[in-house]
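Structure record follows, encoded as structure tokens.
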Amino acid sequence: MDELGKGSNIGYTDYARGSELDFLGLLFYLWRQRLVFVATTLAALFLSLGVAFYLPNIYESKAVLAPKSSGGSSDLARLASQYGGLASLAGINVSGLGDESGNRARLALEVVKGHKFFSEQLYDLMLLDLMAVDHWESQSNILIYDNDVYDQALGVWTRDVDYPYKVVPSSQEAHQKFIEEVLQISEDGQTGMISISVRHESPNVARAWVEMIVGKLNSSIRTADIRDAERAIEYLTAKVAETELVALKEVFTQLIEEQTKTIFLANVSEDYVFTMVDDPVSPEEEVSPKRILLITIGCFLSIMSTGVMLGLRRVTQ
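Right under this line is the structure:
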């Protein structure tokens, strides 16, 4: 047993010594190939520099918004709770009136991400600066367009694209880029504050687009609420003329008053859904590309891949 133990210890020692010698041999081999490391690292450095400085600067502008409560909605909810049973006698369901105030901001956030809102409110105003910009000249504050996409001198689109894409980008294609690369929305779960951010090659365009999106969003929801209130007033007015019950006439009249209040508040309130807590600005520094990070990663990957390839070649020799 002792002899077996000694033999196994000797075998393990020889194996460990051999592994150590192989590792040292690999290190010496890699050291002899240091010029290869230097050459590939320099090549990766220059390639990373080229890529990093070829990519255009992207700037981000952000607005912080506070959802705005609606007093008219709370009054409607109170009336619905108070006279819901009486109104149901006339075949009118008012149980949901006024409940939308808490959901208006959430509805607006879904609206702003939708294709309908983009195509109706933003597409014509954003299309050129969304789809054709090459870079922004900071000294002259001028946007330079990609000639392969848009001929600025002639004012025509020059894209060479395959089906189903079109020479002039469709609202669907533009909307996809808008959602994936431009618009960012976040909500603070504790405060309820909402941040709307826009990224673009020009800091001034980024700021202008944030302002435009918030303004168009407030206007769109305001218009929809006014339209709904006008339809409700028309319907309730007809019901007042139809019913002979004084109590029902009183209910319908109060509902008409509340809908009229909704229209009034919508018309006088510029910040209908969101109040701007922190206005967007034209940022001075870009958010991407992270050039130092790109260069560091490029050099690191070059060193690692070169070491692996040389190590494999050493092992197979």
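Here the sequence shown is numbered in the working numbering, starting from 284 and rising by one per residue.
Where is the CB? At the ideal position from N, CA and C, for every residue including glycine.
Any idea which residues DSSP pairs residue i with across the strands?
i, result
"serine 467", "Position check: residue 467 holds glutamine in this sequence, whereas serine was assumed. Per DSSP, Ser480."
"isoleucine 575", "Answer is none; isoleucine 575 lacks a bridge partner."
"aspartate 561", "Val347"
"isoleucine 341", "Ser571"
"tyrosine 555", "Bridge partners of tyrosine 555: none, in fact."
"aspartate 434", "Val439"
I'd like the list of long-range same chain contacts for residue i, defined as Cβ closer than 7 Å, with 5 residues on each side in sequence excluded.
i, result
"valine 347", "Met476, Ser478, Val560 and Asp561"
"glutamate 569", "Asn340, Ile341 and Tyr342"
"aspartate 431", "Thr441"
What residues in its chain sit with their C-beta under 8 Å from that of residue i, if we drop five residues either side in the sequence?
i, result
"lysine 396", "Ile462, Leu466 and Ile468"
"aspartate 429", "Ala415, Val416 and Asp417"
My output table needs one value for residue i: the three-state DSSP class, helix, strand or coil.
i, result
"valine 439", "strand"
"aspartate 417", "strand"
"leucine 426", "strand"
"aspartate 412", "helix"
"tyrosine 518", "helix"
"glycine 301", "In this prediction, glycine 301 has a pLDDT of 48, which is less than 50 and means its spatial position is unreliable; what the coordinates show is noted afterwards. In this structure, glycine 301 counts as helix in the three-state DSSP scheme."
"aspartate 508", "helix"
"tyrosine 446", "coil"
"glycine 333", "helix"
"serine 352", "coil"
"glutamate 527", "coil"
Exposed or buried, residue i, counting other C-beta atoms within 10 Å across all chains shown (16 or more means buried)?
i, result
"glutamine 542", "buried"
"glutamate 343", "buried"
"lysine 345", "buried"
"glutamine 404", "buried"
"methionine 409", "buried"
"alanine 530", "exposed"
"threonine 589", "buried"
"aspartate 443", "exposed"
"methionine 414", "buried"
"tyrosine 555", "buried"
"phenylalanine 583", "exposed"
"methionine 587", "exposed"
"valine 481", "buried"
"alanine 436", "exposed"
Which whole-angstrom value is the C-beta distance of residue i and residue j, which I expect to be below 8 Å?
i, j, result
"leucine 426", "valine 416", "5 Å"
"leucine 577", "serine 331", "6 Å"
"isoleucine 341", "serine 571", "5 Å"
"asparagine 277", "asparagine 487", "Only positions 284 to 600 of the chain appear in the structure, and residue 277 is not among them; the question remains open."
"glutamine 400", "serine 502", "Rather than glutamine, the amino acid found at residue 400 in this sequence is phenylalanine. Not really, about 11 Å apart at Cβ, beyond 8 Å."
"tyrosine 446", "glutamate 456", "About 12 Å separates the two Cβ atoms, so there is no contact after all."
"glutamate 484", "tryptophan 419", "5 Å"
"alanine 349", "phenylalanine 557", "7 Å"
Leaving out the 5 sequence neighbours to the left and right, which residues in its chain are closer than 6 Å to residue i when beta-carbon positions are compared?
i, result
"leucine 519", "Phe535, Leu538 and Ile539"
"valine 450", "Trp440 and Arg442"
"serine 454", "Ser402 and Tyr406"
"serine 585", "Thr323, Thr324 and Ala327"
"glycine 581", "Ala327 and Ser331"
"methionine 592", "none"
"isoleucine 516", "Ile539 and Gln542"
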